[in-house]
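Everything below concerns the one structure shown next.
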Amino acid sequence: MEATPGRERLIEQFKADGLNVMFGNPGTVEQGFLDAVDAAEDFRYVLALQETVAAGIADGYARATGGAALLQLHSGVGLGNGIGMLYQSLRGHTPLVVVAGDAGVRYDAMDAQMASDLVAMARPVTKYATRVTDPRSVLRTVRRAVKIALTPPRGPVFVALPMDVLDELNSEPVLAATVPLTDVSPSPESVGRAAELLASAERPVLLVGDGVALSGAQRELAAVAELLGADVYEVDSSEVNIAASHPLRRGQTGHMFGPHSKELIGDADGVLIVGTYVFPEVFPELESPFRAGAKVVHIDLNAYEIAKNHPVDLGLAADPRQALRALAGLLERQLTPQQRAAAAARLDVRTRERVRAAGAAGEDDGTPMAVFLRTLAERTGGDLIVFDEALTTSPLVTRYLPAERPGDYHLTRGGSLGVGFPGAVGAKLARPDRLVVGFAGDGGSMYTYQALWTAARHGIDAKFVVCNNRKYRLLDDNIAQYWRERDIPEHGFPNSFDLSHPEIDFAGLARSLGAGGMRVEKPDEAVAAVGRMLSHPGPFLVDVQI
948 MEATPGRERL
958 IEQFKADGLN
968 VMFGNPGTVE
978 QGFLDAVDAA
988 EDFRYVLALQ
998 ETVAAGIADG
1008 YARATGGAAL
1018 LQLHSGVGLG
1028 NGIGMLYQSL
1038 RGHTPLVVVA
1048 GDAGVRYDAM
1058 DAQMASDLVA
1068 MARPVTKYAT
1078 RVTDPRSVLR
1088 TVRRAVKIAL
1098 TPPRGPVFVA
1108 LPMDVLDELN
1118 SEPVLAATVP
1128 LTDVSPSPES
1138 VGRAAELLAS
1148 AERPVLLVGD
1158 GVALSGAQRE
1168 LAAVAELLGA
1178 DVYEVDSSEV
1188 NIAASHPLRR
1198 GQTGHMFGPH
1208 SKELIGDADG
1218 VLIVGTYVFP
1228 EVFPELESPF
1238 RAGAKVVHID
1248 LNAYEIAKNH
1258 PVDLGLAADP
1268 RQALRALAGL
1278 LERQLTPQQR
1288 AAAAARLDVR
1298 TRERVRAAGA
1308 AGEDDGTPMA
1318 VFLRTLAERT
1328 GGDLIVFDEA
1338 LTTSPLVTRY
1348 LPAERPGDYH
1358 LTRGGSLGVG
1368 FPGAVGAKLA
1378 RPDRLVVGFA
1388 GDGGSMYTYQ
1398 ALWTAARHGI
1408 DAKFVVCNNR
1418 KYRLLDDNIA
1428 QYWRERDIPE
1438 HGFPNSFDLS
1448 HPEIDFAGLA
1458 RSLGAGGMRV
1468 EKPDEAVAAV
1478 GRMLSHPGPF
1488 LVDVQI
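Under our numbering, think of the first position of the sequence shown as 948, with each following residue one higher.
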């Protein structure tokens, strides 16, 4: 094979792996590579103004496509900027292929400007991190990284690419990476054991996470839940794992306080955990939250998570879809008439509760945000993709725009702020045929507001909503819990939680970045804002006062 510079051959390797779009922010040590990118055919570079934004857009793109996304960062300083967002991707199992340049292997001994151990920096927030030092193994290393990123448990990977290595002639073959198939089924004996442990439960509970969505197991999950009459709680969950309208879906356990999760599941005598780790709270229960004698079954492709924190009676390292399908089939055949009747009665109770709750919900409360969301739901019929970083406003968002269909809803994950707006940009780029609306709080939006500029520059017609309560409201809620736990009398919230002064002109800021924007203070303005947002050609932001 004719040799060409490694920087050019690398692009061909990316294209062979379906990575035709690169998100990034340029730097001097990547200049030769980016020059080649500019000249490449059928390869697109999406420019962000800061690496955190680029990483967030790449994350949203990967989540919307269901595949990998390619992210370019600038040496140690750029990698440092992106690390917080890469942590989001690590916790959320997003398959990002991250590359960064450095001046070159020949300069390692000099410890010069911008010199840093990129691999050591990247390792805590990636599945795999390495540096290419031999020009004969550039493509080989990239293929390995792509394979690791896409093999469950998925996650970001990092490859450092020294400039002089990419400048060398390269004759490696360009071949697509081989990603192993992981749709493995558990043995009939293990499925039988799971059915035996769960079938007789009088208060069964399912704890589920995004491993369900990754394997496309939503239908199988619902079937098992209905056969058992089991409540379904979403744990480490940011995708649609079960339709919001399903009567057995009980919502999220939350990611902050272990006692809350324990309260939700403490009475369960049979627990099936699927596609998640337990538990993700910032302040978890150190003792097992499961009641004494409860039978616990854990199904996950990520064997590391099974019984990581709390013992289980049976752990199955298997694909959730295959395992749940086998379990549903066995339960269908083996449940006794009495067990079927009990499960049907539990399902009937939840169905009637859901009907009563829907009737009691009534009209919205007339606030600008409620009117905005109701109008948006009515105008779109719910046919849109929501990227939700609304946090304390999320319950209202999902009331009017419930997460029903896989791919139509993405929730922030990982704990850091700033993913909502860039995530929406990435999702819209991946799904240009769909309406995409990103929701973020006023505080979270300011972490990555430059994403609007990227949307305007590249003609990405995403829409954005600032849920503006002029504070870090979630911190107010969390410190109130802290005070209660320690018997500290309530008092004024810390001034560092307040964002009211100076006031941020979000609509004006959006316009300065090339997007449209307007502010909503009154309910009647919310109706007009929806119309303007939907009719505006290009990115548009609505600042809704709460």
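Idealized CB from N, CA, C, for every residue including glycine.
* Asked: Leaving out five residues before and five after A1291 in sequence, what residues of the same chain have Cβ atoms less than 7 Å from its Cβ?
  -> G1176
* **Proximal residues to A963 (C-beta, below 6 Å), its chain only, five neighbours per side dropped** => V1121, A1123
* Asked: Buried or exposed: which applies to N1442, given that a residue is buried once 16 or more other Cβ atoms fall within 10 Å of its Cβ?
  -> exposed
* Could you give the C-beta distance for G1198 and Y1180, rounded to a whole number, given that I count them as a contact under 8 Å? -> 7 Å
* Closest by CA to A1337, which one among A1304, M1393, A1001? -> M1393
* Asked: Any contact of the segment 1237-1246 with the segment 1204-1216, i.e. 3+ C-beta pairs under 8 Å?
  -> yes
* To do: May I ask you to list the residues that DSSP assigns as paired with D1178?
  => V1152
* To do: Within its chain, find whatever has a CB closer than 7 Å to the CB of L1358; leave out the 5 residues flanking it on each side and keep chain order.
  => S1185, D1335
* To do: Quickly, what does DSSP pair K1469 with across the bridge? List them, please.
  => Per DSSP, none; premise fails for K1469.
* Look up D1295 in the DSSP assignment and give the residues it is bridged to. => Bridge partners of D1295: none, in fact.
* Asked: What residue range is occupied by the uninterrupted alpha helix (DSSP H) comprising M969?
  -> Where M969 is concerned, there is no enclosing alpha helix (DSSP H), although the beta strand (DSSP E) it sits in stretches over 968-971.
* Asked: What's the gap between the Cα of A1473 and the Cα of D1490?
  -> 10 Å
* Asked: Rounded to the nearest angstrom, how far is the Cβ of V1244 from that of I1189, given a contact under 8 Å?
  -> Contact flag wrong, Cβ pair sits at about 18 Å.
* Among V1152, P1267, H1257, E1228, the one whose alpha carbon lies nearest that of Q1165 -> P1267
* Is the number of C-beta pairs between the segment 968-982 and the segment 1093-1107 that are closer than 8 Å three or more? -> no
* Asked: Mind checking whether P1470 and V1318 have CB atoms under 8 Å apart?
  -> yes
* Asked: Between the Cα of D1423 and the Cα atoms of G1390, F1411, D1311, which residue gives the shortest distance?
  -> G1390
* To do: Can you have a look at G1406 and say buried or exposed, based on whether 16 or more other CB atoms are within 10 angstroms of its CB?
  => exposed
* **Nearest residue (CA-CA) to F1226, options S1208, V1302, T1041, A1241** => S1208
* To do: Enumerate in chain order the residues of its own chain whose CB-to-CB distance from R1321 is below 6 Å, with the five nearest sequence positions on each side excluded.
  => D1311, Y1347
* **Bridge partners - N1442, DSSP secondary structure assignment** => DSSP lists no partner for N1442.
* Contact between the segment 1059-1069 and the segment 1015-1034: three or more CB pairs below 8 Å? -> yes
* Asked: Any chance the segment 1451-1466 sits against the segment 1478-1489, with 3 or more Cβ pairs inside 8 Å?
  -> yes
* Evaluate the contact criterion for the segment 989-1002 versus the segment 972-981: three or more CB pairs, one atom per stretch, below 8 Å. => yes
* Asked: Taking the beta strand (DSSP E) that R1197 falls in, what are its first and last residues?
  -> 1196-1199
* Asked: What whole-angstrom Cβ distance do L996 and W1400 have, given they're in contact under 8 Å?
  -> 6 Å
* Element boundaries [beta strand (DSSP E), containing K1242] -> 1242-1247
* To do: Just mark S1162 as buried or exposed, buried being the case when its beta carbon has 16 or more other beta carbons within 10 Å.
  => buried
* Asked: When DSSP labels each residue in this structure, what does Y1419 get in the three-state scheme?
  -> coil
* Starting from the C-beta of I1030, find all residues in its chain whose C-beta is less than 6 Å away, skip the five residues before and the five after it, and write them out in chain order. => V1072
* Inspect the beta-carbon positions of L1271 and E1437 and report whether they are closer than 8 Å. => no
* What residues in its chain sit with their C-beta under 8 Å from that of E1450, if we drop five residues either side in the sequence? -> R1417
* Going by Cα to Cα distance, which pick from A1475, S1447, M1203 is closest to P1315? -> A1475
* Below 6 Å CB to CB, which residues in the same chain sit around A1374 once its five sequence neighbours on both sides are set aside? => G1007, A1011, I1332, F1334, V1383
* Kindly indicate which residue of A1324, V1131, C1414, Y1075 has the alpha-carbon position closest to the one of V1104. => Y1075
* Could you tell me how far apart the beta carbons of D1114 and R954 are, in whole angstroms, since I believe they sit closer than 8 Å? => 7 Å
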